[in-house]
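Throughout the sequence shown, residue numbering follows this note's numbering, covering 6 to 749 in sequence. Idealized CB from N, CA, C, for every residue including glycine. Computed from a predicted model, the values in this text were never measured in an experiment.
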Amino acid sequence: MLATSNCPANVTWEVENPDASTASGADDVSGYTFALGTSTVTYTITETASGQSWSCSFTVTVEDHEAPVIECPADIAVVNDLGECGAVVEFDDPEVSDNCAILNEMSEVVFDYTGDVQTWTVPAGVTSINIEAFGAKGGDGIFSGSPGVGGFGGQAYGTLAVTPGQVLNIYVGGAGQDITGTNVRGGGGFNGGGNAYGDNNGIRGGGGGASDVRVGGVALGDRVIVAGGGGGGCCFGSGGAGGGLIGGPVGGDIPATSGTQIAGGTAGCTGCCSNDPLMYGELGLGGAVPDNCFNTLCGGGGGYYGGGCGNNGGGGSSYIDGVIGGFTTPGVQAGNGLVKITYDVVGLMQVAGLPSGSLFPVGSTTNVFVVSDASGNTASCSFNVTVTDEEDPTIVCPDNVSITTSNLGTLGDCAGQYAWSHPTPTDNCGIADLDFTYTNPDGTIDGPFDGVQISNGTITTDANHNFAVGTTTVSYYVIDIHGNTTTCSFTVTVTDDEDPTFVNCPEGVTYTVGLFPDNCTGGAIWSVPIADDNCSVVVTQTAGPLQGTILTVGTYPIQYTATDAANNTATCNFTIEVIDTEDPIIVCPGNVVIDETDPGVCSWTAPAGSLTPLLATSNCPANVTWEVENPDASTASGADDVSGYTFALGTSTVTYTITETASGQSWSCSFTVTVEDHEAPVIECPADIAVVNDLGECGAVVEFDDPEVSDNCAILNEMSEVVFDYTGDVQTWTVPAWRNINQY
6 MLATSNCPAN VTWEVENPDA STASGADDVS GYTFALGTST VTYTITETAS
56 GQSWSCSFTV TVEDHEAPVI ECPADIAVVN DLGECGAVVE FDDPEVSDNC
106 AILNEMSEVV FDYTGDVQTW TVPAGVTSIN IEAFGAKGGD GIFSGSPGVG
156 GFGGQAYGTL AVTPGQVLNI YVGGAGQDIT GTNVRGGGGF NGGGNAYGDN
206 NGIRGGGGGA SDVRVGGVAL GDRVIVAGGG GGGCCFGSGG AGGGLIGGPV
256 GGDIPATSGT QIAGGTAGCT GCCSNDPLMY GELGLGGAVP DNCFNTLCGG
306 GGGYYGGGCG NNGGGGSSYI DGVIGGFTTP GVQAGNGLVK ITYDVVGLMQ
356 VAGLPSGSLF PVGSTTNVFV VSDASGNTAS CSFNVTVTDE EDPTIVCPDN
406 VSITTSNLGT LGDCAGQYAW SHPTPTDNCG IADLDFTYTN PDGTIDGPFD
456 GVQISNGTIT TDANHNFAVG TTTVSYYVID IHGNTTTCSF TVTVTDDEDP
506 TFVNCPEGVT YTVGLFPDNC TGGAIWSVPI ADDNCSVVVT QTAGPLQGTI
556 LTVGTYPIQY TATDAANNTA TCNFTIEVID TEDPIIVCPG NVVIDETDPG
606 VCSWTAPAGS LTPLLATSNC PANVTWEVEN PDASTASGAD DVSGYTFALG
656 TSTVTYTITE TASGQSWSCS FTVTVEDHEA PVIECPADIA VVNDLGECGA
706 VVEFDDPEVS DNCAILNEMS EVVFDYTGDV QTWTVPAWRN INQY
């Protein structure tokens with residue numbers, strides 16, 4: 006720098022700082038502290054005598070290339086909130102500092118009417134925006150010189166929480182048109198304004214469209230804020246203003262009503278089209294004049310719920326339930342609608358992760374912060390929020406159940422059929438897998454089975470299983486998407502209520518068994534009955550002799566009992582009859598003729614052993630009896646040997662019978678014993694008599710007693726008769742010997 010003068014002079018300086026403030030001094034500006042930015046330094050040299058001066062200027066630009074300092078919180082590790090697949094985590098903003106200043110300013114985005122949907126992506130670091138939406142004005146009209154003014158659009162304001170990178174859909178309503186001309190329709194503004202119908206008698210205004218912002222989609226249900234459009238004007242008043250939570254009042258001769266929070270406005274027309282549903286406002290749409298209606302009517306304004314069609318049209322309602330801190334102002338916007346989004350741009354921005362107080366999902370979320378100073382220098386830091394899912398899934402099993410093998414009418418198997426609905430597991434995050442096993446009564450385990458399908462937490466497949474007799478435990482194993490597990494179980498107890506059945510039981514049958522030859526015993530062999538059962542069965546003999554036992558003659562009831570594991574029983578009863586088919590044998594002596602009775606008696610007593618049977622034998626114990634049919638047809642009987650019996654004169658028949666005591670079988674033989682009497686009678690005559698003749702007789706009448714007679718048997722005294730019938734020939738008869746006392 007050069008500062009020279011021909012006369013004494015003073016040098017001064019002045020600095021104009023970047024903030025327009027000034028500083029001054031003498032001599033040299035060196036040593037002055039310059040602020041960030043461009044400062045202008047002016048040197049002035051002034052001669053003390055003449056006052057002449059000369060100035061020169063230069064700039065000093067100070068740039069900041071020192072990055073800010075940022076320090077994030079330490080990593081955070083928490084467990085999930087109960088019932089949530091994440092945890093609400095709050096944290097402090099990073100600590101920042103800079104040699105200069107941290108950036109802090111407000112940004113604004115304005116969306117004008119385009120006639121189509123528009124989008125906006127939330128910038129990095131922005132987590133909250135302010136939305137100011139204005140609905141469009143309805144079209145104007147005139148009839149018979151009376152103007153009708155379309156309703157002005159409403160305002161809706163509110164704050165919306167957003168995430169960086171999120172896309173919002175913006176709908177800016179169009180103003181309703183002024184419609185004139187016969188058979189001219191249309192004119193409703195974009196985004197819900199109702200069409201009007203015009204003719205040569207006047208102008209009709211179409212409804213103004215609503216302005217709204219939609220999150221997550223483009224359907225009406227995705228709207229978070231709505232500014233209602235104004236109703237079309239005709240005459241004698243004005244269209245309803247756009248909301249308000251309820252559209253503004255409507256003037257005119259046949260006014261419609263405005264939309265509310267729960268319904269669209271009704272039509273004002275009382276003519277041929279009053280019942281057409283197109284004329285009524287609905288969700289997102291103002292009432293319109295249908296094609297088959299030729300009444301000159303105005304359109305309703307679009308809105309959350311649109312206004313009705315009439316003269317004048319109703320205004321649409323606004324909506325602020327999707328934002329916080331919201332409010333509405335009716336009837337403030339002329340022309341097309343407008344949407345304005347404002348948000349803070351600060352030096353400290355979160356560019357990744359979730360804001361403090363958010364529900365952080367299970368897992369690790371990295372929060373990244375960037376700090377910028379006014380010179381554009383930046384620094385960043387990050388920390389992790391790790392949420393661990395330690396909440397086990399839940400599942401509730403059915404109650405324990407007891408059934409029988411005949412359950413549902415199914416018979417013949419050692420199991421019970423049972424159907425149930427798989428329990429539905431729930432989890433704060435989500436179910437990864439559901440398996441189940443069967444622990445059978447014998448301790449074996451079937452499974453695990455993955456036979457169910459889980460769709461949105463709902464089990465879509467029911468279970469049906471044939472359970473073995475006993476108690477089976479059905480166990481469910483649930484694992485969530487983060488490896489937490491839980492179990493539940495229930496038991497199915499199956500009781501066998503089906504009795505065994507014999508497949509070859511000779512129930513009620515009597516089997517006849519003969520004896521061994523020449524033996525009074527026999528071996529009884531029969532088929533052991535076989536039983537069948539839906540489960541296992543054991544057959545035991547519970548009555549009667551065992552198969553193969555050597556039996557004596559008689560009747561033996563046999564019983565077998567089939568018993569299954571559940572102690573259900575069935576019995577089989579039949580009879581074994583042991584019979585003796587071998588007859589006993591007895592051989593009699595030959596016929597006996599005794600030609601001489603015992604002396605002095607008319608009978609004969611058989612000596613001992615004289616009439617003993619020649620043979621008496623049997624395979625079983627037997628008794629020998631005898632019976633004598635006497636000559637006079639009387640009988641006598643006794644046991645063992647008839648020897649010793651006294652036989653009467655004549656022929657007696659002796660019958661020996663041998664009878665087995667067990668079977669009753671008998672055998673008889675007979676012989677005759679003929680006793681003849683050859684002992685002469687005894688007779689004693691009177692003594693000789695000597696008499697003289699009777700007088701005059703050549704003899705004498707003599708009387709004397711009969712001789713005394715006796716016999717070992719009896720003196721004959723009987724009347725006999727012989728009858729001769731006709732034969733046609735000669736017959737003879739010989740006089741029998743006299744066996745009585747005869748006088749010769």
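query = If you check the beta carbons only, do Gly318 and Gly155 fall under 9 Å apart?
reply = yes
- Item | Own chain partners of Thr557 with C-beta closer than 7 Å, once the 5 adjacent residues on each side are dropped | Beyond the five residues adjoining it in sequence on each side, Thr557 comes within less than 7 Å, by CB distance, of Cys525, Thr526, Val583 and Ala667 in the same chain, given in chain order.
Exposed unless 16 or more other CB atoms sit within 10 angstroms - verdict on Glu503:
buried
Report buried or exposed for Val344, applying the criterion of at least 16 other Cβ atoms within 10 angstroms of its Cβ. buried
Proximity of Gly269 and Gly245 at Cβ, strictly below 9 Å: no
(Q) Please report the straight-line C-alpha distance between Leu78 and Ala92, rounded to a whole angstrom. (A) With the sequence shown as reference, residue 78 is identified as Pro, and Leu is not the correct amino acid for it. Roughly 17 Å separates the two Cα atoms.
**OP:** Measure the CB-CB distance between Tyr1 and Val542 and report whether it falls below 9 Å.
**Re:** Missing from the structure shown is residue 1; the chain here goes from 6 to 749 and no further.
Would Pro550 pass as a contact of Val508 if the rule is Cβ separation under 9 Å?
-> No, the pair does not count as a contact, with Cβ atoms beyond the cut-off.
- Query: Whose C-alpha, out of Ala72, Thr47, Gln670 and Gly146, is nearest the C-alpha of Ser380?
  - Reply: Ala72
- Query: Can you tell which of Phe652, Val34, Gly336 and Ser55 has the C-alpha that lies nearest to the C-alpha of Pro13?
  - Reply: Ser55
**Request:** Would you check if the distance between the CB atom of Gly253 and the CB atom of Gly235 is smaller than 9 Å?
**Result:** Closer than 9 Å, so yes.
inquiry  = Less than 6 Å between C-beta atoms, sequence neighbours within five positions excluded: which residues of the same chain meet that for Gln736?
reply    = Listed in chain order, the non-local C-beta contacts of Gln736 below 6 Å within the same chain comprise Phe729, local neighbours out to five positions each way being set aside.
Next on the checklist: What would DSSP say about Asp227, mapped onto helix, strand or coil?
Outcome noted: helix
How far does the beta strand (DSSP E) with Met354 in it extend, from its first residue to its last?
Leu353 to Ala357
Practice item. Please report the Cβ distance between Thr491 and Ile400, rounded to the nearest whole angstrom; I am assuming they are in contact, meaning their Cβ atoms lie under 8 Å. Key: 6 Å
Report all residues from its chain with a CB closer than 8 Å to the CB of Gly120; omit the five preceding and five following residues, and keep chain order. Within its own chain, the residues whose Cβ lies closer than 8 Å to the Cβ of Gly120, once the five positions on either side in sequence are excluded, are Gly179 and Phe195, listed in chain order.
| query | Which runs of the beta strand (DSSP E) fall wholly inside the segment 452 to 512 and span at least 3 residues, in chain order? | reply | 468 to 473, 475 to 485 and 490 to 500
Skipping 5 residues on each side, what residues in its chain have a beta carbon closer than 6 Å to that of Thr391? Ala82 and Ser369
Nearest neighbour of Val754, chosen from Gln123, Gly146 and Ile251 [CA to CA]: Outside the modelled stretch of the chain, which goes from 6 to 749, sits residue 754, for which no answer is possible.
Looking at the unbroken beta strand (DSSP E) that takes in Glu396, where does it start and where does it end?
It is not in any beta strand (DSSP E) - Glu396 carries neither H nor E in the DSSP assignment.
Practice problem: Under 8 Å by Cβ, that's how I've got Gly158 and Gly226 pegged, so tell me the actual separation to the nearest angstrom. | Solution: The Cβ separation is near 22 Å, so there is no contact.
- [ ] Determine contact between the segment 648 to 658 and the segment 676 to 696, defined as no fewer than three beta-carbon pairs at a distance below 8 Å.
- [x] yes
Distance check for Gly143 and Thr301, CA to CA, integer angstroms please.
16 Å
**Asked** For Gly342 versus Ser216, is the C-beta spacing smaller than 9 Å?
**Response** yes
Check your understanding: Are the segment 288 to 303 and the segment 181 to 194 touching, with three or more C-beta to C-beta distances below 8 Å?
Key -> yes
key: Inter-residue spacing [alpha-carbon to alpha-carbon] between Ser323 and Gly247   = 7 Å
- Using a Cβ-Cβ cut-off of 6 Å (strictly less than) and excluding sequence neighbours within five positions of Ser361, which residues of its own chain qualify? Glu95 and Phe96
Point to revise | Start-to-end residues for the beta strand (DSSP E) that takes in Gly163 | key: Gly158 to Ala166
Report task. Mind checking which residues open and close the beta strand (DSSP E) that includes Asp569? Result -> Residues Gly559 to Asp569.
Secondary structure at Pro152, three-state DSSP: helix, strand or coil? The three-state secondary structure of Pro152, taken from DSSP, is strand.
Q | Enclosing beta strand (DSSP E) for Asn135 [first to last residue] | A | Unbroken beta strand (DSSP E) run through Asn135: Ser133 to Phe139.
Exercise. Taking DSSP as the reference, what is the three-state secondary structure of Leu413?
Worked result: helix
Buried/exposed call for Phe454, threshold 16 Cβ in 10 Å: exposed
* Asked: Do Tyr443 and His487 have their CB atoms nearer than 9 Å?
  -> No, the Cβ-Cβ distance between Tyr443 and His487 is not below 9 Å.
#### Entry: Contact set for Glu21: own chain, Cβ-Cβ below 6 Å, skip 5 residues either direction
Thr27 and Thr45
Subject >> Inter-residue Cα distance where the pair is Gly3 and Trp425 >> reply: It is not possible to answer for residue 3, since the shown part of the chain is limited to 6 through 749.
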